[in-house]
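Peer 1: My questions will all concern the structure given below.
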Amino acid sequence: MRGLGSNGLATASVRARPSAFAGTFAALVLCAAVVTASVAIAVSASAVPSSPKQYAVYEMGLVFSQITVYLSIFVIGQVMSLAVSQRGRESALLRAIGAGPWQIRRMVATEALVTALLALPVGYGLGALVAWGWFGVLDTGGMVPAGMTLHIGLGPLFAALGTLVVCSQLGGFIAARRSSRTRPSAALAAAQVPGGEQAGGIRGLVALVFLTGAVVLTVVAAAGSAENAGDVIPLVLLAYLVATEVGGPWLGRLATRVAAPVVRSLGGVAGELAIAGSRARSRRLSAAITPIAMVTAFALAQFVALAASDDIDAAALFGTLLYAVFAGLVAANTLVILTLERLREFSLLRTIGAEKGQVRAVVLAESAITALAGVGTGTAIGCAVMVPLGGKTGTPLSGLPVWAWAATLGAGGLLVWAASAAPLGRMFRVRPIDGVTRRSA
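Sequence positions in the sequence shown follow my numbering and run 110 to 550.
Okay, here's the thing in structure tokens:
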């Protein structure tokens, strides 16, 4: 294996599983687009004289930039972990023929860097279009400060580049650590039999540590001044979201247990299969649960703040929707990949007599469990933050209108179902016997 460098391993890995590469690429493109748009707004506002409008626009762009960078680290880490786990057999074979752990880690790091560089121009171009749309909303709402013009320029480009490189390398390190440390024989055995994933006791303990920290921050903020409480809300949200990211597999298992009685009673055999599948794939599902929880919690907090204002700030609403689309598309991309990799499983069901409608019923039941885990966790986080702190800052959760609750929760559930079911049409076009003998897409 010494003659094959990390570049060659990365190239061979991508060719072996292009769908995983596409998923990481899509996540990085979306990350670059949001960072580009947010930084462009902030930089353009910083170039004009100080005024209330100037400060509001600058602060808006800066806040969305920071949130995107923070959350992209977790989201991209999850997506890359999923991509690496999909290539578990290839990594195990490389280990078996002499590749060392450092070569696996370098392979993933190289692939992550190349993917980030390829995603940069696409994300930058998309972000420029989003920035012009955002600026148009600001202008229409009369929020553009005097003398402000939109400049895309090199600042947003370098910001997007730095974000992609850092996020991809951190995500690659997290993703490669587990696969590089697994013994080749154990990795090959796990790759032969999908599922059986363990949530991990250490992950659970780390998640509890971050959860405890979030609760402590909430208590401290609730005991302080209203101004300090408002400033600390993003930090408290971040702490809860880190706990969600780390404890994703445990949340998936908890949601499966909670939903099991209803799914069994309504779904019959399809429900039983959905429960078994969700339990077996708890680690993979956490890659979708995390962004869904993120967007739900963030959207609730933002909608509460907007509902408490005298008039709805269209520019802030645009930014909130921008972030929601970013996290939502990443979650959808992950769910599509998770469904595509089950070609052999669904083909086997069809081979032994399952109808297409029954397969769809399994996917629908699993979507309900995933939505419960993601949307339910996000709602719990939003309430845990805004109930004790919202009243103190003048933005009580009780002020959130019914339509905002319905839109947030309904959109999350619909997203999970649509993304999970989208690949089924393509998969049903494959003959069952061919799907059983074919390696997963």
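Cβ atoms here follow ideal geometry from the backbone N, Cα and C, with glycine treated the same way.
#1: Would you identify the three-state DSSP class for Leu509, choosing helix, strand or coil?
#2: Pick helix, strand or coil for Thr502, following the three-state DSSP scheme.
#3: Let me make sure I understand the geometry here. Which of Gly534, Gly499, Ser155 has the alpha-carbon closest to that of Ser334?
#4: Which whole-angstrom value is the C-beta distance of Ile478 and Leu191, which I expect to be below 8 Å?
#5: Assuming Ala185 and Ala240 form a contact by the criterion Cβ under 8 Å, report the distance between their Cβ atoms to the nearest whole angstrom.
#6: Which residue comes first and which comes last in the alpha helix (DSSP H) that contains Leu438?
#7: Are the beta-carbon atoms of Val178 and Val157 separated by less than 8 Å?
#8: With H, G and I counted as helix, E and B as strand and the rest as coil, what does DSSP make of Gly534?
#9: Take the Cβ of Leu409 as the centre, count every other Cβ of all protein chains shown within 10 Å, and call the residue buried at 16 or more, exposed below.
#10: Would you identify the three-state DSSP class for Leu259, choosing helix, strand or coil?
#11: Taking only the alpha-carbon atoms, compute the straight-line gap between Gly95 and Gly280 and give it to the nearest angstrom.
#12: What's the C-alpha gap between Asp340 and Phe537?
#13: Kindly list the residues whose CB is nearer than 6 Å to the CB of Arg469, restricted to its own chain and excluding five residues on each side of it in sequence; keep chain order.
#14: Counting C-beta neighbours from all protein chains within 10 Å, is the total for Thr258 16 or more, i.e. buried, or is it exposed?
#15: Would you decide whether Gly336 is buried or exposed? Buried here means 16 or more other CB atoms lie within 10 Å of its CB.
#16: So, are the CB atoms of Ser391 and Leu444 less than 8 Å apart?
#17: Taking C-alpha atoms, which residue in Phe134, Leu431, Ala489 lies nearest to Tyr349?
#18: How many angstroms separate the CA atom of Ala402 from the CA atom of Arg459?
#19: Met252 by DSSP, collapsed to three states: which one?
#20: Short check: CB of Trp526 to CB of Leu473, under 8 Å?
#21: Kindly give me the distance between the Cβ atoms of Leu222 and Val166, rounded to whole angstroms, as I take these residues to be in contact under 8 Å.
#22: Does the segment 267 to 281 come close enough to the segment 447 to 466 that 3 or more CB-CB pairs lie under 8 Å?
#23: Does the separation of the CB atoms of Thr517 and Ile398 fall below 8 Å?
#24: Which residues in the same chain have their Cβ closer than 6 Å to the Cβ of Pro358, if we skip the five residues on either side of it in sequence?
#25: Reducing DSSP to helix, strand and coil, say where Arg392 ends up.
#26: Below 8 Å CB to CB, which residues in the same chain sit around Leu415 once its five sequence neighbours on both sides are set aside?
#27: Would Val345 pass as a contact of Phe319 if the rule is Cβ separation under 8 Å?
#28: Compute the Euclidean distance between the alpha carbons of Pro330 and Ala338, then round it to the nearest angstrom.
#29: By DSSP, does Leu266 sit in helix, in strand, or in coil?
#30: Which of the three DSSP states, helix, strand or coil, is assigned to Gly271?
#31: Just reading off the alpha helix (DSSP H) that Ile461 is part of, what are its end residues?
#32: Write down the C-beta distance between Gly232 and Leu137 rounded to the nearest angstrom, noting that I regard them as a contact closer than 8 Å.
#33: Counting only the same chain and skipping the five closest in sequence on each side, list residues whose C-beta sits under 6 Å from that of Gly322.
#34: Tell me the rounded alpha-carbon separation between Val471 and Ser374.
#35: Which residue wins for smallest C-alpha separation from Val367, given the options Ile384, Ser147, Val434?
#36: What is the residue span of the alpha helix (DSSP H) that Ala331 lies within?
Peer 2: Once the coordinates are examined:
#1: Within the sequence shown, residue 509 is the residue found at index 400, counting from 1. Coil.
#2: In the sequence shown, residue 502 corresponds to position 393, counting from 1. It is coil, neither helix nor strand.
#3: For this step, residue 334 is matched to residue 225 along the sequence shown. The shortest Cα separation from Ser334 among Gly534, Gly499, Ser155 belongs to Gly499.
#4: Here the question's residue 478 lines up with position 369 in the sequence shown. Here the question's residue 191 lines up with position 82 in the sequence shown. So it is not a contact: roughly 18 Å between Cβ atoms.
#5: In the sequence shown, the residue the question calls residue 185 occupies position 76. In the sequence shown, the residue the question calls residue 240 occupies position 131. Note that residue 185 is Ile in the sequence shown, not Ala. 21 Å between Cβ atoms; not a contact.
#6: Numbered from its first residue, the sequence shown carries residue 438 at position 329. 423 to 449 is the span of the alpha helix (DSSP H), which, as asked, contains Leu438.
#7: Position 69 of the sequence shown, counted from the start, is the residue given in the question as residue 178. Position 48 of the sequence shown, counted from the start, is the residue given in the question as residue 157. Not in contact: Val178 and Val157 (Cβ atoms no closer than 8 Å).
#8: Numbered from its first residue, the sequence shown carries residue 534 at position 425. Correct three-state label for Gly534: helix.
#9: The residue labelled residue 409 in the question sits at position 300 within the sequence shown. Classification for Leu409: buried.
#10: Translated into positions along the sequence shown, residue 259 becomes position 150. In the structure shown, Leu259 sits in coil (DSSP, three-state: anything other than H, G, I, E or B).
#11: For residue 95 there is no data in the structure shown, the boundaries of the chain being 110 and 550.
#12: By one-based count along the sequence shown, residue 340 stands at place 231. By one-based count along the sequence shown, residue 537 stands at place 428. Their backbone Cα atoms lie some 51 Å apart in a straight line.
#13: The residue labelled residue 469 in the question sits at position 360 within the sequence shown. If we look at Arg469 and ignore the five residues flanking it on each side, it has no Cβ neighbours.
#14: Residue 258 sits at position 149 when you count from the first residue of the sequence shown. Exposed.
#15: In the sequence shown, the residue the question calls residue 336 occupies position 227. Note on residue identity: the sequence assigns Glu, not Gly, to residue 336. The residue in question, Glu336, is exposed, as its Cβ has fewer than 16 Cβ neighbours within 10 Å.
#16: Mapped onto the sequence shown, residue 391 falls at position 282. Mapped onto the sequence shown, residue 444 falls at position 335. Their beta carbons are not under 8 Å apart, which means Ser391 does not touch Leu444 by this criterion.
#17: As a position in the sequence shown, residue 349 is number 240, starting the count at 1. Ala489 is the residue among Phe134, Leu431, Ala489 whose C-alpha sits nearest the C-alpha of Tyr349.
#18: Mapped onto the sequence shown, residue 402 falls at position 293. Mapped onto the sequence shown, residue 459 falls at position 350. Going by C-alpha positions, Ala402 is about 33 Å away from Arg459.
#19: Numbered from 1 along the sequence shown, position 143 holds the residue referred to as residue 252. Residue state, collapsed to three classes: coil.
#20: Indexing the sequence shown from 1 puts residue 526 at position 417. Indexing the sequence shown from 1 puts residue 473 at position 364. Contact flag set, yes.
#21: On the sequence shown, position 113 is the one that residue 222 refers to. On the sequence shown, position 57 is the one that residue 166 refers to. Wrong, their Cβ atoms sit about 34 Å apart, outside the cutoff.
#22: no
#23: Along the sequence shown, read from residue 1 onward, the residue named residue 517 stands at position 408. Along the sequence shown, read from residue 1 onward, the residue named residue 398 stands at position 289. Their beta carbons are not under 8 Å apart, which means Thr517 does not touch Ile398 by this criterion.
#24: For this step, residue 358 is matched to residue 249 along the sequence shown. Once the five neighbours on either side are set aside, the close Cβ partners of Pro358 are Ala308, Ser391, Arg392, Ser395.
#25: Locating residue 392 in the sequence shown gives position 283, counting from the first residue. The answer is helix: DSSP assigns Arg392 an H, G or I state.
#26: Sequence index remark: in the sequence shown, residue 415 carries index 306 (1-based). Within the same chain, Ile421, Asp422, Ala425, Leu426, Thr429 come within 8 Å of Leu415 by CB-CB distance, once the 5 residues on both sides are set aside.
#27: Mapped onto the sequence shown, residue 345 falls at position 236. Mapped onto the sequence shown, residue 319 falls at position 210. No; because the gap between Cβ atoms is not below 8 Å, this pair is not in contact.
#28: Along the sequence shown, one-based indexing puts residue 330 at 221. Along the sequence shown, one-based indexing puts residue 338 at 229. Pro is not the amino acid found at residue 330; the sequence shown has Ala there. Cα-Cα distance, rounded: 5 Å.
#29: Indexing the sequence shown from 1 puts residue 266 at position 157. In this structure, Leu266 counts as helix in the three-state DSSP scheme.
#30: One-based indexing of the sequence shown puts residue 271 at position 162. In this structure, Gly271 counts as helix in the three-state DSSP scheme.
#31: As a working note, residue 461 is residue 352 in the sequence shown. Ile461 -> no alpha helix (DSSP H), and no H or E assigned at all.
#32: Here residue 232 corresponds to residue number 123 of the sequence shown, with the count starting at 1. Here residue 137 corresponds to residue number 28 of the sequence shown, with the count starting at 1. Right, their Cβ atoms sit about 7 Å apart.
#33: Here the question's residue 322 lines up with position 213 in the sequence shown. Same-chain partners within the cutoff: Ala348.
#34: Counted from its first residue, the sequence shown places residue 471 at position 362. Counted from its first residue, the sequence shown places residue 374 at position 265. Computed Cα separation, rounded: 13 Å.
#35: Position 258 of the sequence shown, counted from the start, is the residue given in the question as residue 367. The shortest C-alpha separation from Val367 is found at Ile384.
#36: As a first step, residue 331 is located in the sequence shown; it is residue number 222 there, counting from the start. Looking at the DSSP string, the run of the alpha helix (DSSP H) that includes Ala331 is 310 to 332.
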